[in-house]
Amino acid sequence: MVNHKVSSSSNSDKIVGQTASVGFQVGVRRTLPITREQAWAYLVSSEGKSLWIGDENTLQQLQVGEFFESRDGISGQLRVLKPLHQLRMAWSTRVWERPSTLQIRLLSDKPDRITISFHQEKLADADTREQMKLHWEQVLATIAVRTSSLIHGDSEEEMRSQ
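Under this note's numbering, think of the first position of the sequence shown as 218, with each following residue one higher.
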């Protein structure tokens, strides 16, 4: 069993990832040697969306207010869209009582590398937080593998045709 408590100088123990106002949260990020444009193109491609929404998803227009769902049981609504920078949405599995908020951000001050960040809040409990941490770590690992051809100068079009 994972011990989720962190000792503090006060008498109260705090559980890792728990906030005062939004339940539990988790953040996972990874820096990749690709450009902001390459990362964005991949994230919003059919292949990329299948990683953060699920297979056979209905997110087509990529417009604020658009609802989506997937064969994998993920559903939600796109709330913020800042091309090349940020996606923010309500995001839920079919078994959750209420949706979480998922934010995907592209962070960089260098033209040849980008940090992709997944931040999720309003999670029900520490176990859900841990499950989502592992999930987003796997998503980022998959993105790293699938975009590795871009490092060698292949175009996005060549990557999609593979």
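Glycine included, each C-beta is placed from N, C-alpha and C at the ideal position.
Just so it is clear, the structure is predicted and the values come from calculations on it, not from any experiment.
Supposed close pair residue i, residue j - CB separation, criterion 8 Å
i: Gln337; j: Val261; result: No, Gln337 and Val261 are not in contact; Cβ-Cβ is about 19 Å, not under 8 Å.
i: Thr364; j: Leu249; result: 6 Å
Proximity to residue i [Cα-Cα], best of the options
i: Arg288; options: Gln320, His352 and Trp269; result: Trp269
i: Gln294; options: Leu301, Thr310 and His302; result: Thr310
i: Gln324; options: Lys339, Gln303 and Arg315; result: Sequence inspection shows Leu at residue 324; the Gln mentioned does not correspond to that position. It is Gln303.
i: Gln255; options: Ile333, Trp353 and Ala341; result: Ile333
i: Arg296; options: Gln280, Val356 and Glu286; result: Gln280
i: Ile360; options: Phe335, Gln320, Glu314 and Glu283; result: Phe335
i: Arg315; options: Gly271, Asp342, Arg247 and Arg363; result: Asp342
i: Ala307; options: Lys266, Phe285, Arg346 and Gly271; result: Phe285
i: Pro300; options: Arg322, Leu340 and Ser317; result: Arg322
i: Gly290; options: Arg346, Asp329 and Val312; result: Val312
i: Val245; options: Thr275, Arg253, Ser365 and Leu319; result: Leu319
9 Å Cβ cutoff met for residue i and residue j
i: Phe241; j: Ile251; result: no
Three-way DSSP call (helix, strand, coil) for residue i in this model
i: His302; result: coil
i: Ile291; result: coil
i: Trp308; result: strand
Chain B contact for residue i (CB, 9 Å cutoff)
i: Leu324; result: No chain B is part of this structure, which consists of one protein chain only.
Burial state of residue i (16 or more Cβ within 10 Å)
i: Ala258; result: buried
i: Ser263; result: exposed
i: Ile331; result: buried
i: Ser225; result: Note that Ser225 has pLDDT 40, beneath the 50 cutoff, so the model's placement of it is unreliable and no number is given.
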